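Its first residue numbered 1, the sequence shown is counted upward by one per residue in full-length UniProt numbering. Think of the CB as a built atom: it goes at the ideal place given N, C-alpha and C, for glycine as much as any other residue. Since we're looking at a predicted model, the values are computed, not measured. Only one structure is covered here, and it is reproduced in the block below.
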Amino acid sequence: MKPQQAILRLGELTLKGRNRHRFENTIFEQVKRTLRSFEAVSYRKEFGRIILQLNGTDYEELMPYLRKVLGLTSFSPVYSSPLELERIQETALGVIQSLKPLPRTYKVSVRRVNKSFPHDSQEMNRLVGGCVLRAFPDLKVDVHRPEAELRVEIREREALLYCRVDEGAGGFPVGSNGKAMLMLSGGIDSPVAGYLALRQGLQVEAVHFHSYPYTNEKSQQKVIELARKLAAFAGPVKLHMVSFTSVQTKIHAAYNQNLLIALLRRAMLRITEKLAEERGAGAIVTGESLGQVASQTLSSMNTIGRAVSLPLIRPLVCMEKREIIRVAEGIGTFPISILPHEDCCTLFLPPSPSTNPNLRVVESIESKMTWLEDELEEAVRNTRSLLVDEEDVVNQRDKFASFF
Ligand code: ATP
Ligand code: MG
Numbered sequence: 001m002k003p004q005q006a007i008l009r010l011g012e013l014t015l016k017g018r019n020r021h022r023f024e025n026t027i028f029e030q031v032k033r034t035l036r037s038f039e040a041v042s043y044r045k046e047f048g049r050i051i052l053q054l055n056g057t058d059y060e061e062l063m064p065y066l067r068k069v070l071g072l073t074s075f076s077p078v079y080s081s082p083l084e085l086e087r088i089q090e091t092a093l094g095v096i097q098s099l100k101p102l103p104r105t106y107k108v109s110v111r112r113v114n115k116s117f118p119h120d121s122q123e124m125n126r127l128v129g130g131c132v133l134r135a136f137p138d139l140k141v142d143v144h145r146p147e148a149e150l151r152v153e154i155r156e157r158e159a160l161l162y163c164r165v166d167e168g169a170g171g172f173p174v175g176s177n178g179k180a181m182l183m184l185s186g187g188i189d190s191p192v193a194g195y196l197a198l199r200q201g202l203q204v205e206a207v208h209f210h211s212y213p214y215t216n217e218k219s220q221q222k223v224i225e226l227a228r229k230l231a232a233f234a235g236p237v238k239l240h241m242v243s244f245t246s247v248q249t250k251i252h253a254a255y256n257q258n259l260l261i262a263l264l265r266r267a268m269l270r271i272t273e274k275l276a277e278e279r280g281a282g283a284i285v286t287g288e289s290l291g292q293v294a295s296q297t298l299s300s301m302n303t304i305g306r307a308v309s310l311p312l313i314r315p316l317v318c319m320e321k322r323e324i325i326r327v328a329e330g331i332g333t334f335p336i337s338i339l340p341h342e343d344c345c346t347l348f349l350p351p352s353p354s355t356n357p358n359l360r361v362v363e364s365i366e367s368k369m370t371w372l373e374d375e376l377e378e379a380v381r382n383t384r385s386l387l388v389d390e391e392d393v394v395n396q397r398d399k400f401a402s403f404f
């Protein structure tokens, strides 16, 4: 017996408030986009859920794709039966049989939408429940906390039966909580931070700083690959490539001691903030995690973060590395992140970066760099923007000239 349909459930949160319709549409479109290679599948919206007509497509094959859709809390394979008692009972047995492992306790919940069906819900609960218990003598009824709940919906033309519940990604639909700029390096952390931001309903545009020709093109390609992975959840992702070479060389030439990292990071943040203003983004997301490196002590994060006034969102700040890696593996970015690459910040590193950079001192050094603001503006002007999709990269500045 194979399921003919699937029910996809949207999160509770998306069902509230004025924007419900918009959120539901976002998820609906994302489901269709994600499953676009399964041409036989057709889609229907219902209140708080989406129904797929599988038309011969294997439910199990859809699962890994469905798990990527943010805002879907769960999904179930659904079996259709003609509106005859015996056929419904037969299908119910098949549904229970398909559960692996078999549950120990269960209950039946029948909902009769079609009032012309001769048995009412109460009666159907008994008729279906009794039949299941006779066929599975080890199964016990538990109406309060059953391991499995067999749902039967008596509709106009068919009865729908389902029991198995597969967990979805959850979270909010992408963009339902606004837009942020994601500072995307080639490392393990920032793609994970990007995923968590997307899951929380933030649309993200990625910003990457490179020091070409000091860093090679491979590191840029790597960031494109990472953005591609995020696009699987978000739809096409805008990626802004900022050449940091000039800013970095000038700062380094003017000051090369233990506060260099703080100065460079502040410059990156300020460029990102300028891009955020242009792009209408309300926050900056980074992959910082407390205590990981010298620039991520509380004191460093404070001194660096004060360079900008937009809120800084650090989804990983209290996550430990193992947890971060687990997410990175789950979203497929880990194998890309661990490829060797050069980051612009590993160039010109001072021998011992300060773990406790003093804000006043940093500000005073910056105030002597009278050219700094112009340099940052110049970096923004020279930014190249790409639209990165799951499979292809759509070029480029001409097409997105309106960005700037
Ligand atoms: P990651 O694994 O994300 O690179 P990390 O542990 O290596 O993080 P850092 O290199 O200190 O930490 O960077 C902290 C954060 O600053 C990154 O998570 C990222 O958000 C941002 N960042 C660092 N380098 C770049 C870069 N070249 N382009 C864009 N953002 C960057
Ligand atoms: Mg890094």
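Within the same chain, show all residues whose beta-carbon is closer than 7 Å to that of residue i, passing over the 5 residues directly before and after it, in chain order.
{"i": "Gln-200", "result": "Gly-171, Phe-172, Asn-177"}
{"i": "Gln-122", "result": "none"}
{"i": "Val-128", "result": "Ile-88, Gln-89, Ala-92, Val-108, Val-110, Val-152"}
{"i": "Arg-326", "result": "none"}
{"i": "Glu-167", "result": "Ser-74"}
{"i": "Ser-352", "result": "Asn-258"}
{"i": "Ala-328", "result": "Ile-188, Pro-191, Val-192, Phe-334, Ser-337"}
{"i": "Asn-55", "result": "Ala-40, Val-41, Ser-42"}
{"i": "Ser-81", "result": "Arg-87, Ile-88, Thr-91, Glu-158, Ala-159, Leu-161"}
Within its chain, find whatever has a CB closer than 8 Å to the CB of residue i; leave out the 5 residues flanking it on each side and keep chain order.
{"i": "Cys-131", "result": "Gln-89, Ala-92, Leu-93"}
{"i": "Ala-135", "result": "Leu-93, Ile-96"}
{"i": "Glu-377", "result": "Lys-274"}
{"i": "Ser-402", "result": "For Ser-402, the pLDDT reaches just 30, beneath the cut-off of 50, and the residue's location in the model is therefore unreliable, although a value from the coordinates is still provided. Correct list: empty, nothing qualifies."}
{"i": "Val-113", "result": "Glu-153, Ile-154, Arg-155, Glu-156"}
{"i": "Ile-324", "result": "Ile-188, Asp-189, Val-192, Ser-289, Leu-316"}
{"i": "Ala-197", "result": "Ala-180, Leu-182, Val-204, Val-285, Ile-313, Pro-315"}
{"i": "Tyr-195", "result": "Leu-230, Phe-233, Val-327, Ile-331, Thr-333"}
{"i": "Asp-343", "result": "Ser-185, Gly-186, Gly-187, Thr-215, Ser-219"}
{"i": "Gln-296", "result": "Glu-288, Ser-289, Leu-290"}
Give every residue of the same chain whose Cβ lies closer than 6 Å to the Cβ of residue i, excluding the five residues on either side of it in the sequence, and list them in chain order.
{"i": "Leu-312", "result": "Ile-284, Gly-305"}
{"i": "Ala-193", "result": "Val-285, Gly-287, Pro-315, Leu-316"}
{"i": "Phe-400", "result": "Note that Phe-400 scores a pLDDT of 36, beneath 50, so its modelled location is shaky and nothing firm can be said."}
{"i": "Ala-262", "result": "Thr-303, Ile-304, Pro-357, Val-362"}
{"i": "Thr-245", "result": "Ser-211"}
{"i": "Glu-225", "result": "Ile-336"}
{"i": "Phe-404", "result": "At Phe-404 the pLDDT is 24, less than 50, meaning the model places this residue with poor confidence; the figure from the coordinates comes in the next sentence. There are no such residues."}
{"i": "Thr-333", "result": "Pro-191, Leu-226, Lys-229"}
{"i": "Tyr-79", "result": "Pro-3, Thr-91, Val-95, Leu-161"}
{"i": "Ala-294", "result": "Pro-353, Thr-355"}
{"i": "Leu-66", "result": "Phe-75"}
{"i": "Thr-383", "result": "His-240, Val-242"}
{"i": "Val-165", "result": "Ser-74, Ser-76"}
Just checking my contact of residue i with residue j at CB under 8 Å: how many whole Å lie between their CB atoms?
{"i": "Ala-232", "j": "Ala-206", "result": "Their Cβ separation, rounded to whole angstroms, is 14 Å, which puts Ala-232 and Ala-206 out of contact at 8 Å."}
{"i": "Thr-105", "j": "Pro-77", "result": "Their Cβ separation, rounded to whole angstroms, is 21 Å, which puts Thr-105 and Pro-77 out of contact at 8 Å."}
{"i": "Val-204", "j": "Ala-169", "result": "Val-204 to Ala-169, Cβ: 16 Å. No contact."}
{"i": "His-208", "j": "Leu-239", "result": "7 Å"}
{"i": "Tyr-255", "j": "Ile-365", "result": "6 Å"}
{"i": "Leu-264", "j": "Ala-307", "result": "Not a contact, Cβ separation roughly 11 Å."}
{"i": "Lys-250", "j": "His-341", "result": "With 8 Å as the limit, Lys-250 and His-341 do not qualify as a contact, their Cβ atoms being about 24 Å apart."}
{"i": "Val-237", "j": "Val-388", "result": "5 Å"}
With DSSP as the reference, identify every bridge partner of residue i, one or two as the case may be.
{"i": "Phe-75", "result": "Leu-8, Asp-166"}
{"i": "Ser-354", "result": "The partner list for Ser-354 (beta bridge, DSSP) is empty, contrary to what the question assumes."}
{"i": "Gln-53", "result": "Gln-5, Ser-42"}
{"i": "Val-223", "result": "Its beta-bridge partners do not exist; DSSP assigns none."}
{"i": "residue 458", "result": "Past the edges of the chain, shown from 1 to 404, lies residue 458, and the structure says nothing about it."}
{"i": "Leu-85", "result": "The partner list for Leu-85 (beta bridge, DSSP) is empty, contrary to what the question assumes."}
{"i": "Leu-290", "result": "Per DSSP, none; premise fails for Leu-290."}
{"i": "Arg-285", "result": "First, the amino acid is wrong: residue 285 is Val here, not Arg. Looking at the DSSP assignment, Val-285 forms a beta bridge with Leu-182, Ile-313."}
{"i": "Ser-295", "result": "Note: Ser-295 sits in no beta bridge, so no partner."}
{"i": "Ser-80", "result": "Leu-160"}
Looking at the secondary structure, which residues open and close the alpha helix (DSSP H) in which residue i lies?
{"i": "Thr-34", "result": "20-34"}
{"i": "Ile-304", "result": "298-305"}
{"i": "His-121", "result": "According to the sequence displayed, residue 121 carries Ser and not His. Run containing Ser-121: 121-135, per the alpha helix (DSSP H) assignment."}
{"i": "Lys-321", "result": "321-330"}
{"i": "Ser-37", "result": "First-last for Ser-37: undefined, no H or E at that position."}
{"i": "Phe-47", "result": "From DSSP, Phe-47 is part of no alpha helix (DSSP H); its letter is neither H nor E."}
{"i": "Ser-337", "result": "334-337"}
{"i": "Lys-68", "result": "Looking at the DSSP string, Lys-68 is not in any alpha helix (DSSP H), and its letter there is neither H nor E."}
{"i": "Pro-379", "result": "Going by the sequence as given, residue 379 is Ala instead of Pro. Run containing Ala-379: 372-381, per the alpha helix (DSSP H) assignment."}
{"i": "Lys-115", "result": "Where Lys-115 is concerned, there is no enclosing alpha helix (DSSP H), given that its DSSP letter is neither H nor E."}
{"i": "Lys-100", "result": "Looking at the DSSP string, Lys-100 is not in any alpha helix (DSSP H), and its letter there is neither H nor E."}
{"i": "Leu-359", "result": "359-368"}
Looking at the secondary structure, which residues open and close the beta strand (DSSP E) in which residue i lies?
{"i": "His-240", "result": "237-243"}
{"i": "Arg-279", "result": "No beta strand (DSSP E) holds Arg-279; the alpha helix (DSSP H) holding it covers 260-279."}
{"i": "Arg-384", "result": "384-388"}
{"i": "Tyr-106", "result": "105-112"}
Kindly provide the ranges of any beta strand (DSSP E) runs that are 3 or more residues long and lie completely inside the segment 148-212, ordered along the chain.
Uninterrupted beta strand (DSSP E) stretches at least 3 residues long and entirely within the segment 148-212 occur at 148-154, 159-162, 179-183, 203-210, given in chain order.
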